[in-house]
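Asks: Just dropping this structure here.
Number of protein chains: 2
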Amino acid sequence: MQYNAVPLQKLIEQFERMPGIGRKTAQRIAFYILGLPKNEAKNISSAIDEACEKIHKCSLCCNLTEDEICPICRNDKRDHSVICVVEDSQSLIAIEKTKEFSGVYHVLHGAISPLDGIGPDQLSIKELIARLGNDDVREIIIATDSDIEGEATAMYLSKLIKPFDINISRIAFGLPVGTDIQYADEVTLSRAIEGRRNM
Amino acid sequence: MQYNAVPLQKLIEQFERMPGIGRKTAQRIAFYILGLPKNEAKNISSAIDEACEKIHKCSLCCNLTEDEICPICRNDKRDHSVICVVEDSQSLIAIEKTKEFSGVYHVLHGAISPLDGIGPDQLSIKELIARLGNDDVREIIIATDSDIEGEATAMYLSKLIKPFDINISRIAFGLPVGTDIQYADEVTLSRAIEGRRNM
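Going line by line, the protein sequences match chains U and H.
Heads up: the first sequence begins at 165 in the working numbering, then just goes up one per residue.
Heads up: the second sequence begins at 165 in the working numbering, then just goes up one per residue.
Structure representation (structure tokens):
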């Protein structure tokens, strides 16, 4: 039996499809929205419409921005000869928060994943290659995730960029800071040993 | 520093204010929405607008509905002489799912909570009293929550309804089915002893 009115049920279903939201939370959110004053509920739908309308990809690095070129690419103080390649804007923000990186970025918007039907053509790899031809790029740091798709993408990119005679690096994988070695998983530990550095 | 474009940040903030959603989930949802095809993102904002526009309170029981009178109040097969009073539509759905109750409901849309500035006037208590005068009501089952606000509301209602010479009952509180007595908290256990029934 259908316990909710149709427009309410539709709203619950929209939230249920979102990442990290189950049926119960979707219900709670829908009833929360219905309990809001009309103008505040309208603010939510307007925020969705406005974001979808104004936000698009930076024409250089493909990061999400409301400008033609994003603030990072526009920034003269950053080192435009070092490009850090990330899978998504969230990874970019995570790296920005370290305040350790002063170069620029390139956002792929995904990783190669044949099982999900995502090949190199679905990612913004063409745009990256175009930048290598135009700009005076010294180094490419590949900061894709450390899962299978991220590794496959890193391998693919490194082969693709090799002819350009640019230094290619991959961020380090090893023990997270503060970990007990006895509790580390075997794959991480073997990567940590493999990637050891002289002291 | 502001890492996200303004419209994106606004969208994240809208989701962050929702119940059960933290900063990280709000970010994930916002990026999920931006990654959707335009029409699917539009579906979400339309679902919000449509629900807020079409859903209102049933003119009898105050349950949320898209009709003037909700399907439960319209249903002739239900026993209109027994009214179950609940705090919100979610409680109503929970009771409906038991399939044990064939009467009708009255939704208060909250509970008395002086600390939050919610008094009897903010709840749909007037509408309940009006029904007692009009309809041929035999029993009121008070099914407000078992927290302080729900108990206070139940006490308030029982005093208010007493002059009407209607049978007033409160749903039973005791051990949840399947519980080990040794693990039950003291308050629940004392309510279970207090509410014991002859076998």
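C-beta atoms are modelled at their ideal positions from N, C-alpha and C, and glycine is treated no differently.
Within a Cβ cutoff of 6 Å, which residues of the same chain sit near U/His270, ignoring the five residues on either side of it in sequence?
Replies: Cys225, Ile247, Val249, Leu292
Asks: Could you give the residue range of the beta strand (DSSP E) that holds H/Val246?
Replies: 243-250
Asks: Name the one or two DSSP bridge partners that U/Thr229 has.
Replies: U/His220
Asks: How big is the Cα-Cα spacing for H/Val301 and U/Leu172?
Replies: 30 Å
Asks: Spatial neighbours of H/Leu272 within its chain, please: CB distance less than 6 Å, with the 5 preceding and 5 following residues excluded, ordered by chain position.
Replies: Glu251, Leu287, Ser288
Asks: List, in order along the chain, the chain H residues whose C-beta lies closer than 7 Å to that of U/Ser253?
Replies: Phe195
Asks: Which first and last residues belong to the beta strand (DSSP E) in which U/Ala307 is found?
Replies: Note, U/Ala307: beta strand (DSSP E), 303-307.
Asks: At which residues does the beta strand (DSSP E) containing H/Ile332 begin and terminate?
Replies: 331-334
Asks: Is there contact here, the segment 179-196 of chain U with the segment 177-189 of chain H, by at least three beta-carbon pairs under 8 Å?
Replies: yes
Asks: Roughly how many angstroms lie between the CA atoms of U/Ala211 and U/Ile176, to the nearest whole one?
Replies: 18 Å
Asks: Using the Cα positions of H/Gly281 and U/Gln254, report the straight-line distance between them to the nearest angstrom.
Replies: 40 Å
Asks: Which residues, in chain order, does the segment 210-233 of chain H contribute to contact with chain U at a C-beta distance below 7 Å?
Replies: Ala211, Ile212, Asp213, Glu214, Ala215, Cys216, Lys218, Ile219, Leu228, Thr229, Glu230
Asks: Between H/Asn298 and H/Leu256, how many whole angstroms is the CB-CB distance? I'm expecting something under 8 Å.
Replies: Going by Cβ atoms, the distance from H/Asn298 to H/Leu256 rounds to 21 Å, so no, they are not a contact pair.
Asks: Please identify, using Cβ separations under 7 Å, the residues of the segment 171-183 of chain U that lie next to chain H, in order along the chain.
Replies: Pro171, Leu172, Lys174, Leu175, Gln178, Met182, Pro183
Asks: With C-beta atoms as the reference, is U/Val268 less than 8 Å away from U/Ile236?
Replies: yes
Asks: Exposed or buried, U/Gln346, counting other C-beta atoms within 10 Å across all chains shown (16 or more means buried)?
Replies: exposed
Asks: Going straight from the alpha carbon of H/Gly342 to that of H/Gly314, what length do you get?
Replies: In a straight line, the C-alpha of H/Gly342 is about 24 Å away from that of H/Gly314.
Asks: Since H/His270 sits in a beta bridge, which residues does DSSP pair it with?
Replies: H/Val249
Asks: Going straight from the alpha carbon of U/Glu217 to that of H/Arg295, what length do you get?
Replies: Cα-Cα distance, rounded: 48 Å.
Asks: In chain U, which residues lie with their C-beta within 9 Å of the C-beta of H/Ala307?
Replies: Correct list: empty, because the minimum Cβ distance to chain U is about 16 Å.
Asks: Between H/Gly274 and the rest of its own chain, which residues show a CB-CB distance below 7 Å, the 5 nearest in sequence each way excluded?
Replies: Setting aside the 5 residues that flank it on each side, H/Gly274 is surrounded in the same chain by Glu251, Ile282, Gln286, Leu287, each with a C-beta closer than 7 Å to its C-beta; the list follows chain order.
Asks: Report the three-state DSSP secondary structure of U/Ile276 (helix, strand or coil).
Replies: Three-state result, U/Ile276: coil.
Asks: Tell whether a beta-carbon distance below 8 Å holds between U/Ile372 and U/Ile325.
Replies: Absent from the model: residue 372 of chain U. The displayed extent of chain U is 165 to 363, so no value can be given.
Asks: Can you tell me whether H/Ile312 is buried or exposed, with buried defined as 16 or more other CB within 10 angstroms of its CB?
Replies: Flag for H/Ile312 reads exposed.
Asks: Since U/Lys202 meets chain H, which of its residues come closer than 7 Å, beta carbon to beta carbon?
Replies: By Cβ distance, chain H contributes Cys216.
Asks: Nearest by alpha-carbon distance to H/Ile219: which of U/Val170, U/Asn203, U/Ser277 is it?
Replies: U/Val170
Asks: Specify the secondary structure class of H/Ile185 as computed by DSSP and reduced to three states.
Replies: coil
Asks: Along chain U, in chain order, which residues have C-beta atoms closer than 9 Å to that of H/Ile257?
Replies: Tyr167, Asn168, Gln191
Asks: Between U/Asn207 and chain H, is there a C-beta pair that is closer than 8 Å?
Replies: yes
Asks: Shorter than 8 Å from the beta carbon of U/Leu287 to some beta carbon of chain H?
Replies: No, U/Leu287 does not count as interfacial toward chain H.
Asks: In chain H, which residues lie less than 7 Å from U/Glu260 when you measure between Cβ atoms?
Replies: Ordered by position in chain H, the residues that pass the 7 Å Cβ test against U/Glu260 are Tyr167.
Asks: Can you check whether the CB of H/Glu303 is closer than 8 Å to the CB of H/Ile330?
Replies: yes
Asks: How big is the Cα-Cα spacing for U/Phe337 and U/Asp309?
Replies: 10 Å
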